[in-house]
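2 protein chains.
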Amino acid sequence: MTALQNDRFLRALRRQPVDRTPVWIMRQAGRYLPEYRATRARAGDFLKLCKTPELACEVTLQPLARFPLDAAILFSDILTIPDAMGLGLSIDEGVGPRLASPVRSQADVDRLGVPDPHDDLGYVCDAVRLIKRELGGRVPLIGFAGSPWTLATYMIEGGGGDHDFKRAKSWVYGETKALHQLLEVVTTSVISYLKAQREAGVDALMVFDTWGGALAAEAYRECSLQYMARIVSELGDAVPTILFTKGGGSWLESIADTGCSAVGLDWTVPPMEARRRIGHRVALQGNLDPAVLRAPIPVIEQEVAATLRAFGPAPGHIFNLGHGITPDINPEHVAALVAAVHRGV
Amino acid sequence: MTALQNDRFLRALRRQPVDRTPVWIMRQAGRYLPEYRATRARAGDFLKLCKTPELACEVTLQPLARFPLDAAILFSDILTIPDAMGLGLSIDEGVGPRLASPVRSQADVDRLGVPDPHDDLGYVCDAVRLIKRELGGRVPLIGFAGSPWTLATYMIEGGGGDHDFKRAKSWVYGETKALHQLLEVVTTSVISYLKAQREAGVDALMVFDTWGGALAAEAYRECSLQYMARIVSELGDAVPTILFTKGGGSWLESIADTGCSAVGLDWTVPPMEARRRIGHRVALQGNLDPAVLRAPIPVIEQEVAATLRAFGPAPGHIFNLGHGITPDINPEHVAALVAAVHRGV
Numbered sequence: 418m419t420a421l422q423n424d425r426f427l428r429a430l431r432r433q434p435v436d437r438t439p440v441w442i443m444r445q446a447g448r449y450l451p452e453y454r455a456t457r458a459r460a461g462d463f464l465k466l467c468k469t470p471e472l473a474c475e476v477t478l479q480p481l482a483r484f485p486l487d488a489a490i491l492f493s494d495i496l497t498i499p500d501a502m503g504l505g506l507s508i509d510e511g512v513g514p515r516l517a518s519p520v521r522s523q524a525d526v527d528r529l530g531v532p533d534p535h536d537d538l539g540y541v542c543d544a545v546r547l548i549k550r551e552l553g554g555r556v557p558l559i560g561f562a563g564s565p566w567t568l569a570t571y572m573i574e575g576g577g578g579d580h581d582f583k584r585a586k587s588w589v590y591g592e593t594k595a596l597h598q599l600l601e602v603v604t605t606s607v608i609s610y611l612k613a614q615r616e617a618g619v620d621a622l623m624v625f626d627t628w629g630g631a632l633a634a635e636a637y638r639e640c641s642l643q644y645m646a647r648i649v650s651e652l653g654d655a656v657p658t659i660l661f662t663k664g665g666g667s668w669l670e671s672i673a674d675t676g677c678s679a680v681g682l683d684w685t686v687p688p689m690e691a692r693r694r695i696g697h698r699v700a701l702q703g704n705l706d707p708a709v710l711r712a713p714i715p716v717i718e719q720e721v722a723a724t725l726r727a728f729g730p731a732p733g734h735i736f737n738l739g740h741g742i743t744p745d746i747n748p749e750h751v752a753a754l755v756a757a758v759h760r761g762v
Numbered sequence: 418m419t420a421l422q423n424d425r426f427l428r429a430l431r432r433q434p435v436d437r438t439p440v441w442i443m444r445q446a447g448r449y450l451p452e453y454r455a456t457r458a459r460a461g462d463f464l465k466l467c468k469t470p471e472l473a474c475e476v477t478l479q480p481l482a483r484f485p486l487d488a489a490i491l492f493s494d495i496l497t498i499p500d501a502m503g504l505g506l507s508i509d510e511g512v513g514p515r516l517a518s519p520v521r522s523q524a525d526v527d528r529l530g531v532p533d534p535h536d537d538l539g540y541v542c543d544a545v546r547l548i549k550r551e552l553g554g555r556v557p558l559i560g561f562a563g564s565p566w567t568l569a570t571y572m573i574e575g576g577g578g579d580h581d582f583k584r585a586k587s588w589v590y591g592e593t594k595a596l597h598q599l600l601e602v603v604t605t606s607v608i609s610y611l612k613a614q615r616e617a618g619v620d621a622l623m624v625f626d627t628w629g630g631a632l633a634a635e636a637y638r639e640c641s642l643q644y645m646a647r648i649v650s651e652l653g654d655a656v657p658t659i660l661f662t663k664g665g666g667s668w669l670e671s672i673a674d675t676g677c678s679a680v681g682l683d684w685t686v687p688p689m690e691a692r693r694r695i696g697h698r699v700a701l702q703g704n705l706d707p708a709v710l711r712a713p714i715p716v717i718e719q720e721v722a723a724t725l726r727a728f729g730p731a732p733g734h735i736f737n738l739g740h741g742i743t744p745d746i747n748p749e750h751v752a753a754l755v756a757a758v759h760r761g762v
């Protein structure tokens, strides 16, 4: 394995001092980049991009060619697991994902098996190996998966749903046996998937709990957090783990208690309060409102500086947005953001 | 004025002991009730319901005829103020509100005036007087308005928007002069509107900050909270005030600091933590996930009991959902909820 030339991101995850705050951007390989749109058009289909290691590698590296980012993140989709389970994923960018065979009954749950990460999801491991080779140790590579609750939500709803999650929440309050059986099989799948990504070479692992914030506090603990805690515990300390529950600001202490290396923060959480509440036992990743990237560059610089000040000088901060970058952003604004983070306050 | 026969709600707002926890339900006069749908069909148009005092009174009272609720809430819409400002409101239930003339420039802001609550919004005051008469002191009546930030968001977006609030957030980070001028005129309008509702007879006032939770912490303070604080301060102590920022769990202390009587909680906030963080200086209102109402009745009863236990025995809790009730709910489930609250733990 090639030694890393830039380990700022990994040092920050371990709460070690760094020469400057590391930065990467959720969805940094995405539609705001014209070169991404070109590759995407060539591929013809979003899933083709994910499933063709050469193309996944190409788009993973695109933002690094433009910006001095401190980490790469595997280009993939959180729904590769339900797809590998046979639910028939299709993704229409701009509309969202659709599962042709959603999970609607106990019998549907009974039919689900754990996908073999080296077979059904072998394309992801191949992409990781290729990206690692192409990166040549320039920066670390982040692997990821959706959280069990988030995947289960998509699987029950059959897609992005109405943000009320009527079907999935009916399971929370009425079909707990089927729901927990579903969460079990998804959790086992996520663990074996993330272990396979790790064996293929990723340097850190992130779990995206996009819909955890839709749950009531107690339901979050039972249906999302306990399964993420099991993932963290099964993965152990071999590579750092980042947990991110969007809208999870009320539960930061419990997220930190899982033993993860870092907690992702959305923009509603004041960084100083997060630190006060969870101390220095984990690193923090976040948390600029992606909307700031639409502002004039001087405002972006000002907001970056304010964010850096709010996180303070103690080690253990990875700069990021509080959610994924949106397709309408001007790449020059991203360049300004990255430069401002590296300049510091 | 008729003396109140049931003042549980007002006593709880003042954190005084009550014989049983008072309960009302956000959007309790709404589409889940067949009698509401009948009146709505007779009116032909949602705004006609709001603007005809007799119809507004009729639907306000409908849930009270079914359930032993401890408060009535004026049937109206949060967008009556932008409508009275001349922005041309239309509401297609199921799709959402539309403003024909959104606010898109400094010149658009310059044109806005404060509506006369007794003239442009006189129909609301008339409805309040009629409802108070028809209630005959059975329970208190809640008046309300949208928060300045929430109204400004609708005014800039021209409707419910995409939940990313691209236009409104562009103003937060790029058009601060125009935005704050807009927030000023809206705040002045909300204050005079709520004072008029109070003069017409409402017993408590609630401010709905539906979109405050979309803001970053600092932006929330500047663009939403400071204006709500001014409203609370201008209204004084004549009637109790409730502030509710959906998704505002990170900022409870600051909301309580405004001097309001009660803070509304959505379901992501654990009640015990809310109490620990803000103490007993305000009452708390909330916070059952509306999704629970889709569960079988024994589960509803169980979740109500768990919520009551979580709020604890200290005075100052008003039971409510963490957001409005949805149209698909069976009224019998609402009856079970209200009965379970009154039975207690």
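These protein sequence lines map, in sequence, to chains S and R.
With this note's numbering applied, the first sequence corresponds to residues 418 to 762, in that order.
With this note's numbering applied, the second sequence corresponds to residues 418 to 762, in that order.
Even for Gly, the Cβ is constructed at its ideal location relative to N, Cα and C.
Query	Result
Contacting positions in the segment 669 to 693 of chain R - beta carbon closer than 8 Å to chain S	Trp684, Thr685, Val686, Pro687 and Glu690
Exposure of Asp436(R), with buried meaning 16 or more beta-carbon neighbours within 10 Å	exposed
CB contact below 9 Å: Phe625(R) versus chain S	no
CA-to-CA distance, Phe561(R) to Ile648(R), given in whole angstroms	12 Å
Closest Cα partner of Arg381(S) within the set Thr497(S), Trp566(S) and Glu574(S)	Residue 381(S) lies beyond the residue range present for chain S, which begins at 418 and ends at 762; the question has no answer from this structure.
Sheet register partners of Gly560(R) (DSSP bridge)	Leu622(R)
Sub-9 Å separation of Ala621(S) and Ile695(S) beta-carbons	no
Buried/exposed call for Ala482(R), threshold 16 Cβ in 10 Å	exposed
Check: Val649(S) C-beta below 8 Å from any heavy atom of the ligand GDP	The model depicted lacks the ligand GDP and carries no ligand whatsoever.
Supposed close pair Ser564(S), Asp626(S) - CB separation, criterion 8 Å	4 Å
Assigned secondary structure, Ala524(R) (DSSP; H/G/I helix, E/B strand, else coil)	helix
Residue-level contact to chain R via CB, Leu705(S), 9 Å cutoff	yes
Contacts that Arg448(S) makes with chain R (C-beta to C-beta distance below 7 Å)	Within chain R, no residue comes near Arg448(S); the closest Cβ sits about 14 Å away, beyond 7 Å.
Inter-residue spacing [alpha-carbon to alpha-carbon] between Asp683(S) and Gly553(S)	31 Å
Residues within the segment 569 to 596 of chain R neighbouring chain S, beta-carbon criterion of under 8 Å	His580, Asp581, Phe582, Lys583, Lys586, Ser587, Val589, Tyr590 and Gly591
Arg457(R) burial status per 10 Å Cβ neighbour count (16 or more: buried)	buried
Exposed unless 16 or more other CB atoms sit within 10 angstroms - verdict on His697(S)	exposed
Other residues of its chain near Gln523(R): CB distance less than 6 Å, five sequence neighbours each side excluded	Ala595
Beta-carbon proximity of Met623(R) to Gly681(R), cut-off 9 Å	yes
Candidates Phe736(S), Leu754(S) and Pro748(S): closest to Leu427(S) by CA position	Phe736(S)
Nearest to Tyr571(R) (by Cα), restricted to the options Met502(R), Tyr610(R) and Ala544(R)	Met502(R)
Distance CB(Gly461(S))-CB(Gly513(S)) smaller than 9 Å	no
Pro470(S) to Arg546(S) span [Cα, whole Å]	9 Å
Whether Leu642(R) touches Thr685(R) by CB criterion (9 Å)	no
Distance between Asp500(R) and Arg444(R) (C-alpha atoms, nearest Å)	20 Å
Nonlocal neighbours in the same chain, by C-beta distance under 8 Å from Ile498(S), ignoring five residues either side	Pro532, Leu538, Ala562, Gly563, Leu568, Val603, Ser606, Val607 and Tyr610
Interfacial residues, the segment 448 to 474 of chain S to chain R, with Cβ spacing under 7 Å	none
Contacts around Pro748(R), its chain only, beta-carbon distance under 7 Å, and the 5 residues preceding and following it disregarded	Tyr449, Leu450 and Arg483
Cutoff 9 Å: Arg368(R) Cβ touching any chain S Cβ	In the structure as shown, chain R starts at 418 and stops at 762, and residue 368(R) therefore has no counterpart that could be examined.
Chain-order list of residues whose beta-carbon lies under 7 Å from that of Pro480(R) (same chain, five-residue window excluded)	Gln445, Ala446, Leu450 and Leu486
Outcome for Pro707(S) when other beta-carbon atoms lying within 10 angstroms are tallied against a minimum of 16	buried
Chain S within 9 Å of Leu599(R), Cβ atoms only	no
Segments of 3+ residues assigned as beta strand (DSSP E) that fall wholly inside the segment 633 to 699 of chain S	658 to 662 and 679 to 681
Residue-chain proximity (Glu639(S), chain R), Cβ-Cβ < 9 Å	no
Counterpart residues of His734(R) in DSSP-defined beta bridges	Leu701(R)
Beta-carbon proximity of Tyr590(R) to Arg760(S), cut-off 9 Å	no
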